[in-house]
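**Student:**
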Amino acid sequence: MARQTGLIAALDTQDPVTAKAWAQAVGPSAGAVKLGLEFAYAAGFQAVADVAGSTPLFLDLKLHDIPNTVGAAVRALSYLRPRMLTLHASGGRAMMEAARQACDEAFPADARPVLLAVTVLTSLDDHALAETGVTDGARAQVLRLGKLALQAGIDGLVCSAHEIAPLRDALGDAPLLVTPGIRPAGSQAGDQKRVMTPGEARQAGADWIVVGRPITQAADPAAAAAAIAAELAG
Ligand SMILES: O=c1ccn([C@@H]2O[C@H](COP(=O)(O)O)[C@@H](O)[C@H]2O)c(=O)[nH]1
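In the UniProt record's numbering, the protein residues as written are 1 to 234.
#1: What's the gap between the Cα of I215 and the Cα of P28?
#2: Please specify which runs of the alpha helix (DSSP H), each continuous and at least 4 residues long, are wholly inside the stretch 152–223, giving them in chain order.
#3: Would you mind reading off the limits of the beta strand (DSSP E) that contains D60?
#4: Could you tell me if the beta carbon of A23 falls within a distance shorter than 6 Å of some heavy atom in ligand 1?
#5: Compute the minimum distance between the beta carbon of G212 and the heavy atoms of ligand 1, and state whether it is under 6 Å.
#6: Tell me whether T135 is buried or exposed, calling it buried when 16 or more other Cβ atoms sit within 10 Å of its Cβ.
#7: Report yes if the C-beta of G6 is less than 6 Å from at least one heavy atom of ligand 1; otherwise report no.
#8: So, for I66: in the same chain, excluding its five sequence neighbours on each side, which residues have a beta-carbon less than 8 Å away from its beta-carbon?
#9: Does any heavy atom of ligand 1 sit closer than 6 Å to the C-beta of G137?
#10: For P166, I'd like the list of residues in its chain whose CB is within less than 8 Å of its CB, leaving aside the five on either flank, ordered along the chain.
#11: Could you tell me whether any non-hydrogen atom of ligand 1 is closer than 6 Å to the CB of A52?
#12: Counting only runs of 4+ residues fully inside the stretch 9–50, write out the alpha helix (DSSP H) ranges in chain order.
#13: Taking its Cβ as the centre, do 16 or more other Cβ atoms sit within 10 Å of A111, making it buried, or is it exposed?
Given below as structure tokens:
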């Protein structure tokens with residue numbers, strides 16, 4: 001059965017007014033807004049809540065620390081009621097289990113966020129990954145960390161669209177697959193290395209694509225988001 005692919009708009013800025021304007025612009029096209037390290041560090045967590053408003057919040061904090069600290073952090077941010085929350089799979093099984101346990105304890109059952117484990121950042125190619133000591137390539141590492149994350153009770157994975165097919169072969173249909181590194185045809189890749197277009201990611205079977213600068217740096221962010229949503233609709 002064909003999967004539906006939704007758009008998450010990454011609102012990477014330090015300015016709450018800009019973020020709010022972008023959130024309104026993408027509202028008709030995006031299923032969630034993503035606020036992350038840049039915005040939270042610059043503007044604070046109350047601004048995160050304000051910008052998201054009633055739009056589902058993808059809170060991209062990429063937690064990565066010892067299990068006790070990550071569990072405590074998850075409890076501390078539960079008041080924000082994120083719909084999705086990220087952590088790094090490379091933090092290990094115990095860290096991910098601590099995050100899952102904290103979610104189960106700190107959130108009401110019907111408001112538990114979807115926990116997403118970042119496997120290999122989409123800004124890394126095989127060469128950059130080898131410099132960190134992982135020498136068998138991004139695909140193998142995504143599969144390794146993806147399996148570990150699911151064993152630890154994580155709901156879904158952040159990966160590039162290139163890894164969707166091998167992940168589905170290995171892990172089946174259940175895990176939610178969320179793919180940044182998305183570039184509409186003709187747009188700049190910038191620091192992203194493992195990229196696909198929105199249409200290619202949809203064909204590959206992404207549940208969600210994450211798109212930032214191709215929307216936020218466009219002359220008309222609302223039109224850019226609408227064009228991506230149309231490409232996803234096929
Ligand atoms: O592997 C990852 C994990 C997270 N991201 C985040 O997604 C957006 C992408 O923004 P673009 O401007 O479309 O490149 C950004 O917020 C990253 O922090 C990622 O790119 N790759």
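In this text, a Cβ means the ideal position worked out from N, Cα and C, and glycines have one as well.
**Tutor:** In short, the structure shows the following:
#1: Within the sequence shown, residue 215 is the residue found at index 215, counting from 1. Within the sequence shown, residue 28 is the residue found at index 28, counting from 1. The straight-line gap from Cα to Cα measures roughly 13 Å.
#2: 164–171, 198–204, 213–216
#3: One-based indexing of the sequence shown puts residue 60 at position 60. Where D60 is concerned, the enclosing beta strand (DSSP E) stretches over 57–63.
#4: Along the sequence shown, one-based indexing puts residue 23 at 23. No, the beta carbon of A23 sits no closer than 6 Å to any heavy atom of ligand 1.
#5: Translated into the one-based positions of the sequence shown, residue 212 becomes position 212. Within the cutoff, so yes.
#6: Start at 1 with the first residue of the sequence shown, and residue 135 comes out as number 135. So T135 ends up on the exposed side.
#7: Stepping through the sequence shown from its first residue, residue 6 is reached at position 6. For ligand 1, not one heavy atom lies less than 6 Å from the Cβ of G6.
#8: Residue mapping note: residue 66 aligns to position 66 of the sequence shown, counting from 1. Only M95 meet the Cβ criterion.
#9: Residue numbering aside, residue 137 sits at position 137 when the sequence shown is read from its first letter. No, the Cβ of G137 stays beyond 6 Å of every heavy atom of ligand 1.
#10: The count along the sequence shown starts at 1 and reaches residue 166 at position 166. Taken in chain order, the residues that qualify are R139, V142, L143.
#11: Position 52 of the sequence shown, counting from 1, holds the residue named residue 52. A52: no, Cβ never under 6 Å from ligand 1.
#12: 16–26, 37–43
#13: For the purposes of this step, residue 111 is taken as residue 111 along the sequence shown, with counting starting at 1. It is exposed - the Cβ of A111 has fewer than 16 other Cβ atoms within 10 Å.
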